[in-house]
Structure formats: C-alpha cells, structure tokens
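Have a look at the structure below, then the notes.
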C-alpha cells in the first residue's frame, strides 16, 4: 500500500542539489562552452533595457561636457583663426620675396624689410548688382579704414576699399570692370596692368605686345607702382595667352589668387612703420601662446603679417 503523502526534501538537501547542479552547469559551460548561444540570446534581449536605463546618465554627461567645453573650444578656434590668417599672409609672399631679394643682392648688396600691418575684418554682405563687384565689411572710419586701402584674403589680393562710413566700408573686388591694379611677373619682373571683367570671369592683362615674355602659369604679384598696394602680394596666375592677328596687344587671362566668392574673413593692409597692434576679438591672443617677436607678429587689434629680410 503506497503512502498517502510523500516526504518533501529538506531545505539543506535542496540547497545541496542546487549547488551540485550549479557546479555541474559551470563545468559544462567552461569546458564545453555549451551555453554560449543562450548567453548571446540573453545579451541581445537585455541590451535595449540596459541602453534605456543608462540613457538619462549619458544625456546628463553629454550636456555637461557640451556646455563646459563650448566656450573653451570657441575661444581656441578664434585664436587659431587669427594666427592662421597671419601665417597665410606671411607664406603667400615667400616666392616674390625670394626673387626680389636675389635681384637686390645683385644690384645693391643690401637688404630690405617689408613693413605692412594688417587689420582683420569680416564680410557683412555682398552687393547683388551684376554690374558691380562690391562687398560690405564690418570695419569703417572708427577702425581707421580709409578709401583706397588694400584688401587681402589668406591667398592674395581681393581689391581695395572704395567707400568708408562710420562702422562699415564698401570694397571693390578685383573682378569689377572698373578696377585695375599694377602687377609684375615673378619669373622675369615684367610689369603690366590687370583689369577685372565681371563676376565669374578671369582678370585680363592689358597693353602687352605680342613679343612679351608671358607664359601660362606665371605668378603675378603687386608691383607697388600704383602707390596703394605694397610690393609682392599675389594677384593671380596666367591661365591663357593668345596673340591674335590684327591686334596690337596680346590677350592674356589671369585667374585670381584670392577666393573672391568664398572668403569671409579679409585683411586690410596698413602700410607704414612696424607697430604692434591687436585684433578686436572678444578673446585676445595671449602673448605666451605666440613665438618670439621677430619670428611671429603679435596678435592684438592689428596683425603684422609679413616681414621679409635677407
């Protein structure tokens, strides 16, 4: 006769059986990797829950890092942009300065120094009139801007100031049909005049005879003979040379060196003695961040972009 009630295992017995089963499962999994698919499935199921649970903390950390680092990053970018503009202007004159130095050594046996200072400005708007190539900048008479002042970007000459108001100025670009600039070819020193032909068009070298020594790829720089632009700033490169029959002068097209349609930061050249000014940025570049005075211009309200010496 079977007993009416079976005796249930004691608590100790159940714990012992659970321990033995756990050890057995651990041994099987560690030696045979039997439960690896099960673990992978469970991890996939649990991952979205873990991600949602950690999302508030991740968002809090992200916002904290963003607001804490935004100011420092913006200040550093402004300092680096100012220094980059300065270095670009110094570098763009190297080729012209080397050629000029060689000629001066041969003729005079002496050295020279370029003493231009530069004020950084920014474009406010672009004149949409198709017959005029003008832009408006955020510097005016208050900052010492004057009519005829040369205007550069980091690659070359952009134009010159045509009209000055109290807090802004109008700049006529190289491509404006009314604008001409005296230039010379770096390769041989040949002087000429370059004139604008409108937006989207190349510049044109004027009044050169058919026997002029001009080649495609020649670099043109300011000659300084017009009395407004300092010597040696890049204007453009010769893109095509044509000597049409029946015409007295050659047809020579020049591609501007400056990024006339894309540059936003420009530089206003102030010829004169070497003066240490600074840029009017909310954050002034610290002097400790710059090299020695002779090797790098001081960044403040103005910058001294270029000093050439032998």
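Numbering (my numbering), first residue to last: 2 to 311.
We put the CB at the ideal spot given by N, CA and C, even for glycine.
It should be emphasised that the depicted structure is a prediction, and the values quoted were computed from it without experimental measurement.
Local conformation of residue i per DSSP, three classes
i, result
"residue 20", "helix"
"residue 262", "coil"
"residue 346", "Only positions 2 to 311 of the chain appear in the structure, and residue 346 is not among them; the question remains open."
"residue 157", "coil"
"residue 122", "strand"
"residue 135", "strand"
"residue 203", "coil"
"residue 185", "strand"
"residue 209", "coil"
"residue 191", "coil"
"residue 175", "coil"
"residue 217", "coil"
"residue 146", "coil"
"residue 55", "helix"
"residue 170", "strand"
Exposed unless 16 or more other CB atoms sit within 10 angstroms - verdict on residue i
i, result
"residue 1", "Nothing in the structure corresponds to residue 1, since the chain is present only between 2 and 311."
"residue 54", "exposed"
"residue 237", "buried"
"residue 262", "exposed"
"residue 234", "buried"
"residue 206", "buried"
"residue 91", "buried"
"residue 16", "exposed"
"residue 131", "exposed"
"residue 52", "exposed"
"residue 152", "buried"
"residue 1", "Residue 1 is absent from the model: the chain starts at 2 and stops at 311."
Check whether residue i and residue j have beta carbons under 7 Å apart
i, j, result
"residue 175", "residue 190", "no"
"residue 137", "residue 171", "yes"
"residue 254", "residue 240", "yes"
"residue 166", "residue 141", "yes"
"residue 195", "residue 100", "no"
"residue 162", "residue 146", "yes"
"residue 225", "residue 232", "yes"
"residue 367", "residue 118", "Outside the modelled stretch of the chain, which goes from 2 to 311, sits residue 367, for which no answer is possible."
"residue 267", "residue 122", "yes"
"residue 143", "residue 203", "no"
Neighbour flag for residue i against chain C, beta carbons, 7 Å
i, result
"residue 241", "Looking at the structure shown, chain C is missing, and only one protein chain is on hand."
### Message
Between the stretch 154-164 and the stretch 198-207, can you find at least three pairs of beta-carbon atoms closer than 8 Å?
### Response
no
### Query
Is the stretch 249-256 close to the stretch 204-217, with three or more CB pairs under 8 Å?
In this structure the stretch 249-256 lies against the stretch 204-217, because at least three pairs of beta carbons, one per stretch, are closer than 8 Å.
### Task
Can you check the stretch 225-252 for any beta strand (DSSP E) of at least 3 residues that lies completely inside it and give the ranges in chain order?
Segments of the beta strand (DSSP E) lying fully in the stretch 225-252: 235-243.
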